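Peer 1: Under the numbering used here, the first residue of the sequence shown carries the number 768, and numbering increases by one thereafter.
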Amino acid sequence: MLGADPFLASLRRHRLAAGLIVLQCALTTVVLVLALAKAGELRARIAAPSGTDESRLVRLVVRGPADAAVQSRERLALARLPGVARVSAINQVPFGIDYWSADFSPAPGWANGMVRATLYLGDEGLRAQLGAPLLAGRDFLPAEYTAMDLHAVDSVQVDAAFARKMFHGEPAVGRTLHAVGTRPLRVVGVYASLQGPRADERPTLILPMRFAPGQANTYLLRLHDPAPPDAHAVGAAVETPASHRWVVDYRSLPELREAYYRNDRWWVAALLLGMGLWLLCTGVGLANLADLLLQARLRQIGLCRALGARSAQIRWQLRRENLLLAGAGALAGLVLLHLLLLAWPWLGAQLGTGGVGLQAFAVGLMLLTGQCAMWPITREADAVPLTGGMRPA
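1) If you measure between the beta carbons of residue 1031 and residue 809, is that distance less than 8 Å?
2) With DSSP collapsed to three states, give me the class of residue 979.
3) Using a Cβ distance threshold of 8 Å, determine whether the segment 1003 to 1010 contacts the segment 835 to 854, with at least three qualifying pairs required.
4) Is residue 1013 helix, strand or coil when you go by DSSP?
5) Just to confirm my understanding: we take residue 865, look at its own chain, exclude 5 residues before and 5 after, and list those with CB closer than 8 Å. What are they?
6) Are the segment 956 to 970 and the segment 900 to 919 touching by the rule of at least three beta carbon pairs closer than 8 Å?
7) Identify whether residue 788 lies in helix, strand or coil by the three-state DSSP scheme.
8) Among residues of its own chain, excluding the 5 on either side of residue 1130, which ones have a beta-carbon nearer than 6 Å to its beta-carbon?
9) To the nearest angstrom, how far is it from the Cα of residue 1057 to the Cα of residue 1123?
10) Pop quiz: residue 796 and residue 1041 are said to be a contact at Cβ under 8 Å. What is the actual Cβ separation, rounded to whole angstroms?
11) Out of curiosity, what's the CA-to-CA distance linking residue 769 and residue 1027?
12) For residue 932, which residues of its own chain have a beta-carbon under 6 Å away from its beta-carbon, when the five flanking residues on both sides are left out?
13) Rounded to the nearest angstrom, what separates residue 1156 and residue 1135 at their Cα positions?
14) Which residues bound the beta strand (DSSP E) around residue 883?
15) I'd like to know if the segment 1105 to 1113 and the segment 787 to 794 are in contact, where contact means that at least 3 CB-CB pairs between them fall below 8 Å.
16) With residue 971 as the anchor, note down where its beta strand (DSSP E) starts and where it stops.
17) For residue 1158 and residue 1053, what's the separation of their Cα atoms in angstroms?
18) Under a three-way DSSP split, which group does residue 857 fall into?
19) Between residue 942 and residue 954, which are expected to be in contact by the criterion C-beta below 8 Å, what is the C-beta distance as a whole number of angstroms?
20) Is the segment 918 to 935 close to the segment 978 to 998, with three or more CB pairs under 8 Å?
21) Nearest CA to the CA of residue 1051: which residue from 972, 974 and 1137?
22) Buried or exposed: where does residue 861 fall if 16 or more other Cβ atoms within 10 Å of its Cβ makes it buried?
23) So, for residue 1103: in the same chain, excluding its five sequence neighbours on each side, which residues have a beta-carbon less than 7 Å away from its beta-carbon?
24) When burial is assigned at 16 or more other CB atoms within 10 Å of the CB, is residue 1140 buried or exposed?
25) Around the C-beta of residue 937, are 16 or more other C-beta atoms found within 10 angstroms, so that it is buried, or is it exposed?
26) Among 824, 1001, 1128 and 1084, whose alpha-carbon lies nearest the alpha-carbon of residue 847?
27) Can you grab the Cα-Cα spacing for the pair residue 892 / residue 908, in whole Å?
28) Looking at the strands, I want to know which residues DSSP matches up with residue 987.
29) Starting from residue 837 and walking both ways along the alpha helix (DSSP H), at which residues does that stretch end?
30) Could you spell out where the alpha helix (DSSP H) holding residue 871 opens and where it closes?
31) What does the Cβ neighbour count give for residue 764, buried or exposed, with the cut at 16 atoms within 10 Å?
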């Protein structure tokens, strides 16, 4: 109890300094929880699987005039490269810049709501090329593949996320989808979750439409092993004197992922550095406030030592006092955080709250910072003379 301990009882005469310690710990706890939650969210986003077999996929972008014959020659030349298992012409890849999407509904006229999905277009075996396992149904039949004509296609494969959103957990195979500018599409297969070009672009669909050659073409190369073919060999296979085509970009999906999340990695590093600096400033501030409390109680400490109190006992009393103040501040910070989230729900949506585990970690970090800040103060307490006079210079 406060009245049973002379050191804790003396805080009543130094409410301002004690209150400032509690306030500083509360604000630091709020900042720690929000910053750690945002950093954890970014790290989870960076590490989230795309649903593809990334280590064996390479994207190749080629520009220049082309027709079906040129595209066929390029694909054959690329397929002959060492280590290449398969080559597909595709409209987009994860972590790329191209973006294809459409809105779908289970009934005409959007009567039952709609779901937006990213569209993958490609030739035979595109699902297997991407590496998304088939969960239900079947792959497309050769007769179901069409040219670039939405009015001709009548079958579709959907990923598991789309099936859950559209059909609310009911079996999706055999159901019908509707979209503007298309015939009714019959679901023939469901595959594992697959992202679109951007990380938040889920769910996805695969349509049996062969991507037509044009001024720019994207090829997806599937490799036998993670080592991609040499860029010079790829360029030689495409950039022939008669083709007037050239390679614009040649990168593996892990390289595309690294480039895509580069800014997020910088944000995580900046948040961690900022938290470290904030804790350092908090530690300095707590040390200064604790030093003020020490100076105000030099005579009391000297009297306790004259009555037989050991230095270890004095240090333990000061550390316990700091632990109680920092703990009270950390708990007050959690209360303040939850009040802020109740007042501004968008704050939690943007930064996250991290859950109980992260909040407990932030409280522990705050208590550890407070204890580290007390180390020079407890060392000074040992130098207080037994008479309780002024602290030696």
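Just so you know, even glycine gets a beta-carbon here, dropped at the ideal spot from N, CA and C. The structure displayed is predicted, hence computed values, not measured ones.
Peer 2: A quick look at the data gives this:
1) yes
2) coil
3) yes
4) strand
5) 858, 859, 964 and 985
6) yes
7) helix
8) 1097
9) 30 Å
10) The Cβ separation is near 15 Å, so there is no contact.
11) Unreliable positioning characterises residue 769 in this predicted model, as indicated by a pLDDT of 39, which lies under 50. A coordinate reading is not provided.
12) 882
13) Its pLDDT being 48, under 50, residue 1156 is placed unreliably by the model, and nothing is read from it.
14) 882 to 888
15) no
16) 971 to 974
17) Reliability fails at residue 1158, whose pLDDT of 46 lies under 50, so the model's placement of it is uncertain and the value that follows must be treated cautiously. So the two alpha carbons sit approximately 20 Å from each other.
18) strand
19) 5 Å
20) no
21) 1137
22) buried
23) 793 and 797
24) buried
25) exposed
26) 1001
27) 10 Å
28) 826 and 855
29) 835 to 846
30) From DSSP, residue 871 is part of no alpha helix (DSSP H) but of the beta strand (DSSP E) over 868 to 871.
31) Look at the range of the chain in this structure, 768 to 1160, and you will see that residue 764 is not part of it.
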